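Peer 1: Can you keep this structure in mind? I'll have questions shortly.
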Amino acid sequence: MKPLVAAVLAGLIGLAGQGIAAQAPARTVSDSGALQGTWLMVSGAASGYSLPPEYVKSMRRVFTGAEVSVTMGQQLFFKATVLLDPAHSPKTIDYHMTGGPTAGAVQLGIYLIAGDTVRFCFAAPNAARPADFTTTPGDGRTLSTWVRAKP
């Protein structure tokens, strides 16, 4: 079970695969304000497998300006510069990794904001952007839902 959990967690945090070299992204402010602050994971899956509840409970995502940090407990998994494009359907999000084991990689995803809930689906680094909010065994995608932390 431990290897499966490790593989699922690695997929969720984008440790699997190799990224492409990041360039400084242009920044957009649309939807950026809605994402600012601290978010707590309420569900997560990678490559079609749900994350164990103890991992879900410890995941935190903090958006500050055009940057995001994701941690599990006190451990930093990655930092990234965020590029949003709400003109697409579904809306697109790019992570240009700036810290952690995936520094230098680019990870492409989609997002949906509904009040104090946000949903993400990301491809593995250097893979095609997902077109929908699904993950199946072996696809390398991560799917997660987060709620805004209460002050």
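Using this note's numbering, you'd call the opening residue of the sequence shown number 83 and step up by one each time.
The beta-carbon is built from N, C-alpha and C at its ideal position, and this holds for glycine as well.
It should be emphasised that the depicted structure is a prediction, and the values quoted were computed from it without experimental measurement.
Using DSSP bridges, identify the partner residues of His178.
Peer 2: Walking along the sequence shown from the start, residue 178 turns up at place 96. Bridge partners of His178: Thr163, Val188.
Peer 1: Relative to the alpha-carbon of Phe202, which residue among Ala127, Gly115, Ala169 has its alpha-carbon at the smallest distance?
Peer 2: Numbered from its first residue, the sequence shown carries residue 202 at position 120. Measuring from the Cα of Phe202, the nearest candidate turns out to be Ala127.
Peer 1: Is the beta carbon of Gly222 closer than 8 Å to that of Ala210?
Peer 2: Stepping through the sequence shown from its first residue, residue 210 is reached at position 128. Stepping through the sequence shown from its first residue, residue 222 is reached at position 140. Against a cut-off of 8 Å, the Cβ pair of Gly222 and Ala210 comes out as no contact.
Peer 1: What is the residue span of the beta strand (DSSP E) that Gly225 lies within?
Peer 2: Along the sequence shown, one-based indexing puts residue 225 at 143. As written in the sequence, residue 225 is Leu, which differs from the Gly given in the question. 224 to 230 is the extent of the beta strand (DSSP E) around Leu225.
Peer 1: Using the Cα positions of Pro207 and Gly186, report the straight-line distance between them to the nearest angstrom.
Peer 2: Indexing the sequence shown from 1 puts residue 207 at position 125. Indexing the sequence shown from 1 puts residue 186 at position 104. So the two alpha carbons sit approximately 10 Å from each other.
Peer 1: Tell me, please, whether the stretch 171 to 186 touches the stretch 131 to 138 by the rule of three or more beta-carbon pairs shorter than 8 Å.
Peer 2: Flag = no, the stretch 171 to 186 and the stretch 131 to 138 do not touch.
Peer 1: Is it buried or exposed for Val229, if we count other Cβ within 10 angstroms and need 16 for buried?
Peer 2: On the sequence shown, residue 229 is found 147 positions in, with the first residue counted as 1. Under this definition Val229 is an exposed residue.
Peer 1: For Gly197, does the three-state DSSP call read helix, strand or coil?
Peer 2: Position 115 of the sequence shown, counted from the start, is the residue given in the question as residue 197. Of the three classes helix, strand and coil, the one that applies to Gly197 here is coil, per DSSP.
Peer 1: Can you check DSSP and say which residues form a bridge with Thr218?
Peer 2: Position 136 of the sequence shown, counted from the first residue, corresponds to residue 218. Its beta-bridge partners do not exist; DSSP assigns none.
Peer 1: Is the shortest distance between the beta-carbon of Val229 and the beta-carbons of chain D less than 8 Å?
Peer 2: No chain D is present in this structure, which holds just one protein chain.
Peer 1: Compute the beta-carbon to beta-carbon distance between Val164 and Val150, rounded to the nearest angstrom, for a pair I have assumed lies under 8 Å.
Peer 2: The residue given as residue 164 occupies position 82 in the sequence shown. The residue given as residue 150 occupies position 68 in the sequence shown. At roughly 5 Å, the Cβ-Cβ gap stays under 8 Å, so Val164 and Val150 are in contact.
Peer 1: Need the endpoints of the alpha helix (DSSP H) that Val116 sits in, please.
Peer 2: Taking the sequence shown and counting its residues from 1, the one referred to as residue 116 is at position 34. Note on residue identity: the sequence assigns Ala, not Val, to residue 116. Counting along the chain, the alpha helix (DSSP H) containing Ala116 begins and ends at 114 to 117.
Peer 1: Excluding the five sequence neighbours on either side, which residues of its own chain have a C-beta within less than 6 Å of the C-beta of Gln189, listed in chain order?
Peer 2: Along the sequence shown, one-based indexing puts residue 189 at 107. Closer than 6 Å at the Cβ level, and outside the excluded window around Gln189, lie Gly96, Tyr177, Phe204, Pro207.
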